[in-house]
Structure formats: structure tokens, C-alpha cells
Amino acid sequence: MKTIKAILVILLAAAFVLMNISTAKALPPLPSSFYGTVTIDGSNAPVGTEVSAWINGVKYAYTSTTESGGETVYSLDVPGDDPAQAGVQGGVEGDTIVFIIGSLVVAQTGTWHSGTNVQLNLTATANDPPTDISLSNNTVAENEPITTLVGTLST
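Sequential numbering from 31 applies to the sequence shown in the working numbering.
Pasting the structure below:
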């Protein structure tokens, strides 16, 4: 009889323990983080300029620039996609991240990797000078009318 009571006590204790165990849920991935300086045409971007991170044409993160040590800087966490949720919430391993300063797309890109913190200095050019342009003529005779054609631009 004592053996049966001992077995019942053990079984009841095991049942209480098992009732308190819940299924494990996967944690969402850690973000892919980036930081660095921000310049436009070789000069510091204005403090407060938006820096955004885009993957496949979708903006997933943005921040405003700040000043540190005489330089304009940013720090940005690009979220990862949580497979446990519907839709896409961010990047997946190997995604290319395009950065935009204000409305200017920068030359540098990042690669999404969960849990990294990468220094990436961003530079943008606001006014790309035209290239490969020629003028067919660059002189006009004196005293010609105002409407005289000087030359033709071509590319």
C-alpha cells in the first residue's frame, strides 16, 4: 500500500511539473545594426537629416543624424523578419540594404546579418556634374543678333 501511495505521489508531482511546461517560442532575430558618419558632397550632412534603410524597395528603419566630435553621425537598427509573424517585418540573412540620406541614395550598401553592428560611413552626392557633353561651337562673331545660335550641345 505504501508503494502505491509513493507511486501516486510521484505521478501527481510529475503531472504538475508537466502542466507548467509551455511550448518554446522562437525569438525574433536580432537586428542588423549600422553606424558611421554622414556626408553630402564631401561636407557633414545637416544635423537632423533622415537616414533610412531600405530592403527590396521597402523602408524598414530610419533615424535622424546627430553631431559627435565635429562630425555628423547616425546609428540604425534594421529589424529582421520574424517567421512567426505574418508578413515581412525586416531583413533576412544576406539581404542588400540600400541607404538614403534625405532623398539622396548613397553609393554604399549594407548586407543584413542578424546580431551584427557594422561601421559604414555614408556619402551622397547632391549635384552630379554632367559628363560626356560637348558643344559644337564656342564662339560668335561680334555684333551678331541676340538670337544667334552659338552651338549645339550633344552627349
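Beta carbons are placed, not taken as given, at the ideal position from N, Cα and C, and that holds for glycine.
* Bridge partners of residue 91, per DSSP? -> Per DSSP, 83.
* Nearest-angstrom Cα separation, counted from residue 184 out to residue 91 -> Between residue 91 and residue 184, the C-alpha separation is close to 42 angstroms.
* Counterpart residues of residue 101 in DSSP-defined beta bridges -> Beta-bridge pairing links residue 101 to 98.
* Three-way DSSP call (helix, strand, coil) for residue 34 in this model -> helix
* Does any heavy atom of the ligand COA sit closer than 8 angstroms to the C-beta of residue 152? -> Annotation note on the ligand COA: not contained in the displayed structure, which lists no ligands.
* Nearest to residue 70 by alpha carbon, out of 167, 134, 58, 172? -> 134
* Examine chain B for any beta-carbon lying closer than 9 angstroms to the beta-carbon of residue 59, and answer yes or no. => Given the protein chain composition of this structure (a single chain), no chain B is represented.
* Closest by CA to residue 61, which one among 112, 136, 68? -> A check of alpha carbon separations from residue 61 across 112, 136, 68 identifies 112 as the nearest.
* List the residues that DSSP assigns as beta-bridge partners of residue 135. => 130
* To do: Whole angstroms is fine: what's the gap from residue 108's alpha carbon to residue 162's?
  => Between the alpha carbons of residue 108 and residue 162 lies a distance of about 38 angstroms.
* Pairing CB atoms from the region 162-175 with CB atoms from the region 139-147, are three or more of them under 8 angstroms? -> no
* Between which two residues does the beta strand (DSSP E) containing residue 119 stretch? -> In the DSSP assignment, residue 119 falls outside any beta strand (DSSP E) and carries neither an H nor an E.
* What did DSSP end up calling residue 163 once you bin it into helix, strand or coil? -> coil
* List the endpoints of the continuous beta strand (DSSP E) containing residue 66. => Boundaries of the beta strand (DSSP E) around residue 66: 62-70.
* Mark residue 75 as exposed unless 16 or more other C-beta atoms lie within 10 angstroms of its C-beta, in which case mark it buried. => Residue 75 should be labelled buried.
* Could you pull the start and end residues of the beta strand (DSSP E) that residue 152 belongs to? => 152-154
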